[in-house]
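Student:
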Amino acid sequence: MSPRVQSWCRLLDASETVEEGLRLLHKENLSEPSLLPVPPTDMQMLSYVDTKRSYIVGFGMLSSLPLSVGLWLFAIVAPVYAIFTALITSYLMVTYFGIAIWGRDLKMEDHLNCLDEFGHLRPRVDVYLPCCGESMDVLQNTYHYVSQLDWPCDKLNVYILDDGNRPSSVKALVHQFGFRYIRRPDVGVSKKAGNLRHAFANTTGELILVLDADFVPRSDFLKQTVPYFYKYPDVAILQTPQFFQVSSGQHWIERAAGSIQELFYRLVQQNRQRFNASVCVGSCAVYRRKALEPHGGTALVLQSEDVFTGFLITNDGYKVRYLPLNLSMGQCPDTASAYFSQNMRWCGGSIALTTSRQFWQSNLLPAQKMAYFSGCLYYTATALSVFSNALPGIYLVFMRPALVYWFNIFFAVPSLLFPYLAMRLWNHAPYGFECNRIRYIQYSAHLFAIKDRVCGTHTAWVPTGATTSSPKRGKFNTAMSFLLHVTVIQLVVLFCGCVWRAQEYPFYNFIPSLLLESFNTFVVMQVFHK
Numbered sequence: 001m002s003p004r005v006q007s008w009c010r011l012l013d014a015s016e017t018v019e020e021g022l023r024l025l026h027k028e029n030l031s032e033p034s035l036l037p038v039p040p041t042d043m044q045m046l047s048y049v050d051t052k053r054s055y056i057v058g059f060g061m062l063s064s065l066p067l068s069v070g071l072w073l074f075a076i077v078a079p080v081y082a083i084f085t086a087l088i089t090s091y092l093m094v095t096y097f098g099i100a101i102w103g104r105d106l107k108m109e110d111h112l113n114c115l116d117e118f119g120h121l122r123p124r125v126d127v128y129l130p131c132c133g134e135s136m137d138v139l140q141n142t143y144h145y146v147s148q149l150d151w152p153c154d155k156l157n158v159y160i161l162d163d164g165n166r167p168s169s170v171k172a173l174v175h176q177f178g179f180r181y182i183r184r185p186d187v188g189v190s191k192k193a194g195n196l197r198h199a200f201a202n203t204t205g206e207l208i209l210v211l212d213a214d215f216v217p218r219s220d221f222l223k224q225t226v227p228y229f230y231k232y233p234d235v236a237i238l239q240t241p242q243f244f245q246v247s248s249g250q251h252w253i254e255r256a257a258g259s260i261q262e263l264f265y266r267l268v269q270q271n272r273q274r275f276n277a278s279v280c281v282g283s284c285a286v287y288r289r290k291a292l293e294p295h296g297g298t299a300l301v302l303q304s305e306d307v308f309t310g311f312l313i314t315n316d317g318y319k320v321r322y323l324p325l326n327l328s329m330g331q332c333p334d335t336a337s338a339y340f341s342q343n344m345r346w347c348g349g350s351i352a353l354t355t356s357r358q359f360w361q362s363n364l365l366p367a368q369k370m371a372y373f374s375g376c377l378y379y380t381a382t383a384l385s386v387f388s389n390a391l392p393g394i395y396l397v398f399m400r401p402a403l404v405y406w407f408n409i410f411f412a413v414p415s416l417l418f419p420y421l422a423m424r425l426w427n428h429a430p431y432g433f434e435c436n437r438i439r440y441i442q443y444s445a446h447l448f449a450i451k452d453r454v455c456g457t458h459t460a461w462v463p464t465g466a467t468t469s470s471p472k473r474g475k476f477n478t479a480m481s482f483l484l485h486v487t488v489i490q491l492v493v494l495f496c497g498c499v500w501r502a503q504e505y506p507f508y509n510f511i512p513s514l515l516l517e518s519f520n521t522f523v524v525m526q527v528f529h530k
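Position 4 of the sequence shown, counted from 1, bears residue number 4 in full-length UniProt numbering, the numbering being contiguous throughout.
Printed below as a string of structure tokens:
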């Protein structure tokens, strides 16, 4: 009997009635089996320790400088573009010169010394596994590997926090593994934050490991992380990377989403560690209960409760520490709409935090606020790039054609090579053309998240991998339509302008702008190609 058929049998066995089992099988859609994650190997666990910092940061600095110079030269000619230039260059300067050059990599010797000194201690640990309609295959896979955690049974309690709409099936699966099942009376209220806070009020472990429903841990996850809470009494959250498998059998969205996350978890988080400003991303993290007690658990917000939780405990004087060891593996969204929704949540949470009065009046040090605010600058810069990248060329062609020279493109060449050359050589995971395709879904999500923040609207939260509900596609469709129309219109306008101006000025001066915008349009078109 194949594993897929065995999974269907488990799904039927876990159902109270045959009708319910058939309904759940229909939800699963009898689709091709997904590539379920497995715990990282020893080599994968250590793959983020060596950041090759000098190479990637150096290339980034060298590419950002000529781009910034070119943008400011254009802003002198077109002052209306100054606000875009200020945002983009501020992000580049803060990222590379304010944060990245000061970052430090983990020394494995220090890590091993920590394990030797405190590795014998075994506090009581609660494991929270929230779920909200994910595939039963995914849940069964996660529960299997969680059951193999190497920790004394009398010091470990695993809780399934079920916020989905098939409690009997999940409960039956939970009982097969001997875990504990928690379902709150007000299911769905305050989304994931409400689910975690309810569990917090009904459990007592000294430490809490939180794993999203699709993340499978290595058996030594707790042995690699718990000692840090004894070595560093001021650590409230120990965050580890969200590591994703990338293989040719996946949809291009899932492959690209997993590949581009490496930059953040391998480099950015370690850079922020230097300022005690690492981001808590919720899953794959261990929490100190004592630090969360004043707040009743995680922060009570609808979006990015993890980021807000990290901010709150940092404001209390605790620290979020980052350990760049890949101790678990998860899944990325495999549809464009789900990926769009995920990025809207991430952007919306960061923008909401860093534009709040609470953030600017907090006890965080200026360097910590700068690190947090760099995320806001990133989201703003990428959102504006949806329609601002082509504006310099269009403006010059129509308003200042005498300033259009073929060699103007050289200001941008290093930054254009960064994703296609530098990232391809630096990334452990394959970094192909699809990683640049998916950026446009990201940037569109950032733009609409900022629009929601300004207008006071929001998009419903849907967990990655959920099968019981689907993302509201209206906003996604609107965003993709906007991206397509803006890109095509800009190319047409630029082309018409170049044809017009080429009658008075050397035509070869307009070729680089046309080629660049044509390539940009080609990449955007690939987003719509399945």
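Yeah, the Cβ is synthetic: ideal placement off N, Cα and C, and Gly gets one too.
Owing to the predicted nature of the structure, the values given are computational and were not obtained by experimental measurement.
Check for me: the alpha helix (DSSP H) holding Asn157 runs from which residue to which?
Tutor: Unbroken run through Asn157 is the beta strand (DSSP E), 156-162; no alpha helix (DSSP H).
Student: Helix, strand or coil: how does DSSP classify Tyr128 here?
Tutor: Here Tyr128 sits in strand by DSSP.
Student: Strictly by DSSP, which residues pair up with Pro217?
Tutor: Ser328.
Student: Would you check if the distance between the CB atom of Gly133 and the CB atom of Gly164 is smaller than 7 Å?
Tutor: Yes, they are a contact pair.
Student: Below 8 Å on the Cβ atoms is my contact criterion, and I expect Arg439 with Ile351 to pass it. Report the Cβ-Cβ distance as a whole number of Å.
Tutor: About 19 Å separates the two Cβ atoms, so there is no contact after all.
Student: In whole angstroms, what separates the C-alpha of Leu514 from that of Met93?
Tutor: Distance between the alpha carbons of Leu514 and Met93 is about 29 Å.
Student: Measuring straight from C-alpha to C-alpha, what distance separates Glu434 and Val527?
Tutor: If I take the Cα positions, the gap works out to 9 Å.
Student: Counting along the chain, where does the alpha helix (DSSP H) carrying Lys475 start and finish?
Tutor: Per DSSP, Lys475 belongs to the alpha helix (DSSP H) from 473-501.
Student: Report the three-state DSSP secondary structure of Arg288 (helix, strand or coil).
Tutor: Strand, per DSSP.
Student: Over the uninterrupted alpha helix (DSSP H) stretch that includes Leu515, give me the two end residues.
Tutor: Counting along the chain, the alpha helix (DSSP H) containing Leu515 begins and ends at 511-527.
Student: Comparing alpha-carbon positions, which option in Thr355, Ala291, Tyr81, Arg180 lies nearest Tyr159?
Tutor: Checked all of Thr355, Ala291, Tyr81, Arg180; the closest Cα to Tyr159 is Arg180.
Student: Of all the options His251, Val301, Leu46, Met370, which has the alpha carbon lying nearest to the alpha carbon of Gln224?
Tutor: When only C-alpha atoms are compared, the closest one is Leu46.
Student: Are the Cβ atoms of Phe59 and Ala422 separated by less than 7 Å?
Tutor: For Phe59 and Ala422, yes; Cβs fall inside 7 Å.
Student: Would you mind sorting Pro512 into buried or exposed? The rule is 16 or more other CB atoms within 10 Å of its CB.
Tutor: Classification for Pro512: buried.
Student: Below 8 Å, how does it come out for the segment 270-278 and the segment 311-325: are there three or more Cβ pairs, yes or no?
Tutor: Contact between the segment 270-278 and the segment 311-325 is present, because at least three Cβ pairs lie under 8 Å.
Student: Can you give the Cα-Cα distance for Cys376 and Gln273, rounded to whole angstroms?
Tutor: Looking at the two C-alpha atoms, the distance is approximately 18 Å.
Student: What do you get for Pro3, buried or exposed, if any count of 16 or more other CB atoms within 10 angstroms of its CB means buried?
Tutor: Confidence at Pro3 is low in this model, with a pLDDT of 48, below 50, so the placement of that residue should be treated as unreliable; the coordinate-derived value is given next. Exposed, since its Cβ has fewer than 16 Cβ neighbours within 10 Å.
Student: Is Val381 near Ile182, with beta carbons less than 7 Å apart?
Tutor: Residue identity check: residue 381 is Ala in the sequence provided, not Val. Not a contact, by the Cβ cut-off of 7 Å.
Student: Once you ignore the five residues that flank Val488 on each side, which residues in its own chain have a CB closer than 8 Å to its CB?
Tutor: Thr521.
Student: May I have the straight-line CA-CA distance separating Trp346 from Ala502, to the nearest angstrom?
Tutor: Computed Cα separation, rounded: 45 Å.
Student: Looking at the structure shown, is Glu504 part of a helix, part of a strand, or coil, going by DSSP?
Tutor: It is coil, neither helix nor strand.
Student: Using the C-alpha atoms, what's the distance from Gln358 back to Glu32?
Tutor: Here Glu32 scores only 48 on pLDDT, less than 50, and its place in the model should not be relied on; the value that follows carries that caveat. Glu32 and Gln358: Cα-Cα distance of roughly 47 Å.
Student: DSSP has Leu244 in a bridge; who is on the other side?
Tutor: A quick correction: the sequence has Phe, not Leu, at residue 244. Beta-bridge pairing links Phe244 to Gly330.
Student: Our contact map puts Pro241 next to Asn343 with C-beta atoms below 8 Å; I'd like the distance itself, whole angstroms only.
Tutor: Not really, about 18 Å apart at Cβ, beyond 8 Å.
Student: What are the complete alpha helix (DSSP H) segments, minimum 4 residues, inside the segment 45-79?
Tutor: Those alpha helix (DSSP H) runs which fall completely within the segment 45-79 and span 4+ residues are 53-77.
Student: Could you spell out the range, first to last residue, of the alpha helix (DSSP H) harbouring Arg197?
Tutor: Its alpha helix (DSSP H) spans residues 191-201.
Student: What residue range does the alpha helix (DSSP H) around residue 532 cover?
Tutor: Nothing in the structure corresponds to residue 532, since the chain is present only between 1 and 530.
Student: If you follow the beta strand (DSSP E) that Leu209 is part of, which residue opens it and which one closes it?
Tutor: 207-210 is the span of the beta strand (DSSP E), which, as asked, contains Leu209.
Student: In or out: Ser248 buried (at least 16 other Cβ within 10 Å) or exposed?
Tutor: It counts as exposed.
Student: Quick one, are the C-beta atoms of Leu484 and Glu517 less than 7 Å apart?
Tutor: No, the pair does not count as a contact, with Cβ atoms beyond the cut-off.
Student: Taking only the alpha-carbon atoms, compute the straight-line gap between Pro401 and Phe84 and give it to the nearest angstrom.
Tutor: Taking the straight line joining both Cα atoms gives about 21 Å.
Student: Take the Cβ of residue 582 as the centre, count every other Cβ of all protein chains shown within 10 Å, and call the residue buried at 16 or more, exposed below.
Tutor: Not covered by the structure: residue 582. The range shown for the chain is 1 to 530.
Student: Give, in chain order, every unbroken run of the beta strand (DSSP E) that is at least 3 residues long and sits entirely within the segment 304-372.
Tutor: Fully enclosed beta strand (DSSP E) runs of 3 or longer: 319-322, 328-330.
Student: With Val404 as the anchor, note down where its beta strand (DSSP E) starts and where it stops.
Tutor: Looking at the DSSP string, Val404 is not in any beta strand (DSSP E), and its letter there is neither H nor E.
Student: Less than 6 Å between C-beta atoms, sequence neighbours within five positions excluded: which residues of the same chain meet that for Gln44?
Tutor: For Gln44, where only same-chain residues beyond five positions count, the Cβ hits under 6 Å are Asn326.
Student: How would you label Gly282, buried or exposed, when you count the other beta carbons within 10 angstroms and need 16 or more for buried?
Tutor: Buried: at least 16 other Cβ atoms inside 10 Å.
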